[in-house]
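Remarks on the structure that follows.
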Amino acid sequence: RNCAKQDSAAKVVELCWGRPISAEVPRGALVIGCDVVYNHDEATSQALVRTILNLIGHTGTCMITYENRSSDGSLCDLEFFDRINDVCEVECVQLSEYGYGISEEDEWRVVYCYTAK
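Sequential numbering from 89 applies to the sequence shown in the working numbering.
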């Protein structure tokens, strides 16, 4: 419904992070990622950030949901966050603001909204 109003179409594609992206994949729009950040090594984090930047270009936005799954409460995905925060502006939105059974105590359930710097 909203896609028709924007004269565009949503597209779901499987990507291999860090590899070339087909010309058929739209750029500079909205990219949504769920459960894509979890305990990655340096090379994987770097490839994911490169892929995100390639998709959003200068005008798009990438929204990534994140839930910290570390057993000791520490943020285990700093490699990814450090890399993407170097090249993107970020807005962090607590999911508890929207309800859906998520309480304010679930402070690690968030959506990060990234735009290129």
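We put the CB at the ideal spot given by N, CA and C, even for glycine.
These figures come from a predicted structure and were not determined experimentally.
So residue i is in the beta strand (DSSP E); what residue range does that whole segment cover?
i       : result
Ile-120 : 118 to 122
Going by CA-CA distance only, name the one from the options that's closest to residue i.
i       : options                            : result
Phe-169 : Val-101, Arg-138, Ser-110, Ser-159 : Arg-138
Glu-167 : Ala-131, Val-199, Val-181, Val-113 : Ala-131
Val-181 : Arg-171, Val-119, Cys-201          : Cys-201
Asn-173 : Trp-105, Ser-159, Glu-155, Leu-136 : Leu-136
Ser-159 : Leu-183, Val-113, Asn-127          : Asn-127
Trp-105 : Lys-99, Gly-148, Asp-129           : Asp-129
With residue i as the anchor, note down where its alpha helix (DSSP H) starts and where it stops.
i       : result
Arg-197 : Premise fails: Arg-197 lies in the beta strand (DSSP E), 197 to 204, not in any alpha helix (DSSP H).
Glu-102 : Here Glu-102 belongs to no alpha helix (DSSP H), and DSSP marks it neither H nor E.
Arg-138 : 130 to 144
So if DSSP puts residue i in a beta bridge, which residue, or which two residues, is it bridged to?
i       : result
Glu-177 : Thr-203
Glu-155 : Arg-197
Cys-150 : Val-119, Tyr-202
Gln-182 : Val-198
For residue i, which residues in the same chain have their Cβ closer than 6 Å to its Cβ, ignoring the five residues on either side in sequence?
i       : result
Val-124 : none
Gly-145 : Arg-115, Gly-116
Cys-150 : Val-119, Ile-140, Ile-144, Tyr-202
Tyr-186 : none
Ser-133 : Glu-167, Phe-168, Arg-171
Check whether the Cβ of residue i lies closer than 8 Å to any heavy atom of the ligand NAD, and answer yes or no.
i       : result
Pro-108 : Of ligands this structure carries none, so the ligand NAD is not represented either.
For residue i, collect the residues of the same chain with a Cβ closer than 7 Å to its Cβ; drop the 5 residues on either side in sequence, then sort them by chain order.
i       : result
Cys-122 : Thr-153
Got a sec? Which residues, its chain only, sit under 8 Å from residue i by beta carbon, not counting five neighbours each side?
i       : result
Val-175 : Val-137, Leu-141, Ala-204, Lys-205
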